[in-house]
Amino acid sequence: MLHRMMDGLRGLLSGWNSLAHPLRNLPRWAVLLVLAVAAGSLAWSAITVTEFHAQQRVMQTKAAKSGYGDLRLYEDILKRVKAGENYYSAALDQQRKHNYPTSPFVTVRQPTLALGAAWFGLPGWRAIAIGVLFANILVWMGALGRRVTILEKVAMAMAIFIFGIVAFYARIGLIHEMIAGLFLSLALGLYRPRFGWVLSLIVLSAALAVREMVLPFLLLWAVFAVLERRWRELAGMGIVLVLFTIGMVLHAQEVMAYRLPGDLPSPGWNGALGPKLVLTSLTQLSFLLTLPPAWGGVLALLPILGWIGLGGRIGLFSTLWFLGMALAMSLFARPNNFYWVVLLLPAYLTGIVLVPRALYDLVLALLGRREVREPALEKAP
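Residue numbers (this note's numbering): 0 to 380.
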């Protein structure tokens, strides 16, 4: 039974990968359903984001008045590490002083950013972030192959720059999710079945070293590797997973060694706030902040339609990663975990560039003009 299920999943994956325009292959009733759901969802997003945006601003204003936030915490930890103190001693003491939890061990960030900043400074992390941003621009110009036009490629490059502009932030070396998000977007664009997967895995490993929340990306990739029978990729991921596990075990041991009996535990991750937190966070932590909340809510949701309509492995993988992360955030994130969404940037929001082709494909599907599969396109990324 398992064998049949695997064969069925492989067939679905192979079929999707062969489509350059999956939305163009929908029957008319499905197109009408997609358009109705999209219109309703966009209207809901505009209203909900406007309301929740106001609530979030009130909460963030109160947090700012308290005088001590995450950036200040990481900055103080860095100062102590630069002075020669052990990272875990400094981190747990600072978190203890300012009523941050130290249990479970994941409430204490991995030492990668702090140790790096102690070595080459915050300007060093800023330079790395800018370098990764421009690498994203170059890589994504070629990542979509013949699936998109040259105009769409140029627009994609511009969108990556706009939504990745945080790379120029002077203190980006204190924000784990921003650095990890830039690495993740690059890993996503680098993947090629024959040669690019090694580079992609190396970049993904860098993201894992910064933030453990990147792990689901690796696990999703492993599922694809199994279904596509890419055993070398799977072996490479196995090595990375073993090294990551060893690193996290050592991290946990260090945290427990410096934890004191009276330390606060985490309140847990059971926010169950739904998609409104994801969409509102996207508007607050990106260039969409410059727009009215209602427009920001619409533009925060639209990119997923573009990624769904892209087709091929890259379109399917990206869609599943973005939706999976959004689902996890909707279920588990608390209001003050809004920064999790940065792990999706800049790649997710660049999907806005792909929306016109998705709408065009839906129109063609309504007219009955279905896609003719071309063997050459099956090899496209």
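Glycine included, each C-beta is placed from N, C-alpha and C at the ideal position.
Of the listed residues 155, 99, 72, nearest to residue 302 (C-alpha basis): Residue mapping note: residue 302 aligns to position 303 of the sequence shown, counting from 1. The residue with the shortest Cα to Cα distance from residue 302 is 155.
Cβ distance (whole Å) where residue 363 is taken to contact residue 23 below 8 Å: If you number the sequence shown from 1, residue 363 lands on position 364. If you number the sequence shown from 1, residue 23 lands on position 24. That pair is a contact at about 5 Å.
Straight-line Cα distance separating residue 189 from residue 224: If you number the sequence shown from 1, residue 224 lands on position 225. If you number the sequence shown from 1, residue 189 lands on position 190. Rounded to the nearest angstrom, the gap between the Cα atoms of residue 224 and residue 189 is 16 Å.
Three or more C-beta pairs below 8 Å linking the region 292-312 and the region 350-359: yes
Uninterrupted beta strand (DSSP E) stretches inside the region 259-294 (no shorter than 3 residues): none
Between the CA atoms of residue 35 and residue 361 - distance to the nearest angstrom: If you number the sequence shown from 1, residue 361 lands on position 362. If you number the sequence shown from 1, residue 35 lands on position 36. Computed Cα separation, rounded: 12 Å.
Where the alpha helix (DSSP H) containing residue 135 begins and where it ends: Looking up residue 135 in the sequence shown gives position 136. Residue 135 -> alpha helix (DSSP H) spans 111-142.
Backbone CA spacing between residue 233 and residue 201 [nearest angstrom]: Counted from its first residue, the sequence shown places residue 233 at position 234. Counted from its first residue, the sequence shown places residue 201 at position 202. Cα to Cα, residue 233 sits roughly 14 Å from residue 201.
Euclidean distance between Cα positions of residue 144 and residue 138: On the sequence shown, residue 144 is found 145 positions in, with the first residue counted as 1. On the sequence shown, residue 138 is found 139 positions in, with the first residue counted as 1. Rounded to the nearest angstrom, the gap between the Cα atoms of residue 144 and residue 138 is 11 Å.
Best match in 170, 146, 220, 73 for proximity to residue 320 [C-alpha to C-alpha]: Taking the sequence shown and counting its residues from 1, one reaches residue 320 at position 321. Nearest of 170, 146, 220, 73 to residue 320, Cα basis: 220.
Inter-residue spacing [alpha-carbon to alpha-carbon] between residue 87 and residue 263: Sequence index remark: in the sequence shown, residue 87 carries index 88 (1-based). Sequence index remark: in the sequence shown, residue 263 carries index 264 (1-based). Linking residue 87 to residue 263 through their CA atoms gives a straight-line distance of about 16 Å.
Within 8 Å, strictly: CB atoms of residue 296 and residue 282: Position 297 of the sequence shown, counted from the start, is the residue given in the question as residue 296. Position 283 of the sequence shown, counted from the start, is the residue given in the question as residue 282. Less than 8 Å separates the beta-carbon of residue 296 from that of residue 282.
Span of the alpha helix (DSSP H), counted from its first residue to its last, around residue 301: Counting from one through the sequence shown, the residue named residue 301 turns up at place 302. Counting along the chain, residue 301 falls outside any alpha helix (DSSP H), and DSSP gives it neither H nor E.
Bounding residues of the alpha helix (DSSP H) (the contiguous stretch that carries residue 175): Position 176 of the sequence shown holds residue 175. Counting along the chain, the alpha helix (DSSP H) containing residue 175 begins and ends at 175-189.
Cα-Cα separation, residue 341 to residue 180: Within the sequence shown, residue 341 is the residue found at index 342, counting from 1. Within the sequence shown, residue 180 is the residue found at index 181, counting from 1. Taking the straight line from one Cα to the other gives about 6 Å.
Cβ separation of residue 207 and residue 217, assumed to be a contact under 8 Å, to the nearest whole Å: Residue 207 sits at position 208 when you count from the first residue of the sequence shown. Residue 217 sits at position 218 when you count from the first residue of the sequence shown. Indeed they touch by this definition, with Cβ atoms about 7 Å apart.
Distance, residue 287 Cα to residue 345 Cα: For this step, residue 345 is matched to residue 346 along the sequence shown. For this step, residue 287 is matched to residue 288 along the sequence shown. Cα to Cα, residue 345 sits roughly 12 Å from residue 287.
Alpha-carbon spacing of residue 114 relative to residue 247, whole angstroms: For the purposes of this step, residue 114 is taken as residue 115 along the sequence shown, with counting starting at 1. For the purposes of this step, residue 247 is taken as residue 248 along the sequence shown, with counting starting at 1. Near 16 Å, if we compare the C-alpha coordinates of residue 247 and residue 114.
Sub-8 Å separation of residue 49 and residue 293 beta-carbons: In the sequence shown, residue 49 corresponds to position 50, counting from 1. In the sequence shown, residue 293 corresponds to position 294, counting from 1. In this structure, the beta-carbon distance from residue 49 to residue 293 falls below 8 Å.
Cβ-Cβ distance between residue 19 and residue 146 below 8 Å: Taking the first residue of the sequence shown as 1, we reach residue 19 at position 20. Taking the first residue of the sequence shown as 1, we reach residue 146 at position 147. A contact, by the Cβ cut-off of 8 Å.
Bridge-paired residues (DSSP) for residue 102: If you number the sequence shown from 1, residue 102 lands on position 103. For residue 102, which the question treats as bridged, DSSP gives the partners 264.
Beta-carbon proximity check, residue 173 vs residue 240, cutoff 8 Å: Along the sequence shown, one-based indexing puts residue 173 at 174. Along the sequence shown, one-based indexing puts residue 240 at 241. With respect to the 8 Å criterion, residue 173 and residue 240 are not classified as neighbours on the basis of their beta carbons.
Backbone secondary structure at residue 50 - three-state DSSP: By 1-based counting over the sequence shown, the position of residue 50 is 51. Residue 50 falls in the helix class under three-state DSSP.
Whole-number beta carbon distance between residue 215 and residue 323, since they are thought to touch under 8 Å: As a first step, residue 323 is located in the sequence shown; it is residue number 324 there, counting from the start. As a first step, residue 215 is located in the sequence shown; it is residue number 216 there, counting from the start. Yes, residue 323 and residue 215 are in contact; Cβ-Cβ is about 6 Å, under 8 Å.
Three-state secondary structure assigned by DSSP to residue 380: Locating residue 380 in the sequence shown gives position 381, counting from the first residue. Note that residue 380 scores 37 on pLDDT, short of 50, meaning its location in the model is unreliable and no value can be drawn from it.
Among 100, 170, 103, the one whose alpha carbon lies nearest that of residue 127: As a working mapping, residue 127 is identified with position 128 in the sequence shown. The residue with the shortest Cα to Cα distance from residue 127 is 170.
Reduced DSSP secondary structure (H/G/I, E/B, other) of residue 332: Along the sequence shown, one-based indexing puts residue 332 at 333. It is coil, neither helix nor strand.
CA nearest to the CA of residue 136, picked from 162, 111, 125, 230: Numbered from 1 along the sequence shown, position 137 holds the residue referred to as residue 136. Residue 136 has its Cα closest to that of 162, out of 162, 111, 125, 230.
Residue 196 classed as buried or exposed, judged by whether at least 16 other C-beta atoms fall within 10 angstroms: Counting from 1 along the sequence shown, the entry for residue 196 is found at position 197. The residue in question, residue 196, is buried, as its Cβ has 16 or more Cβ neighbours within 10 Å.
Residue interval of the alpha helix (DSSP H) (run including residue 84): Sequence index remark: in the sequence shown, residue 84 carries index 85 (1-based). From DSSP, residue 84 is part of no alpha helix (DSSP H); its letter is neither H nor E.
Straight-line Cα distance separating residue 334 from residue 276: Counted from its first residue, the sequence shown places residue 276 at position 277. Counted from its first residue, the sequence shown places residue 334 at position 335. If you take the alpha carbons of residue 276 and residue 334, they lie about 7 Å apart.
Chain-order list of residues whose beta-carbon lies under 7 Å from that of residue 104 (same chain, five-residue window excluded): For the purposes of this step, residue 104 is identified with residue 105 of the sequence shown, where counting begins at 1. The answer, listed in chain order, is 250, 251, 254, 255.
Proximity to residue 167 [Cα-Cα], best of 123, 141, 203: As a first step, residue 167 must be located in the sequence shown, where it is residue number 168. Minimum Cα distance to residue 167 is reached at 123.
Three-way DSSP call (helix, strand, coil) for residue 148 in this model: Taking the sequence shown and counting its residues from 1, the one referred to as residue 148 is at position 149. Three-state DSSP puts residue 148 in coil, outside helix and strand.
For residue 237 and residue 132, the rounded distance between their alpha carbons: As a working mapping, residue 132 is identified with position 133 in the sequence shown. As a working mapping, residue 237 is identified with position 238 in the sequence shown. Distance between the alpha carbons of residue 132 and residue 237 is about 28 Å.
Under the three-state DSSP convention, the category residue 36 falls into: Position 37 of the sequence shown holds residue 36. Correct three-state label for residue 36: helix.
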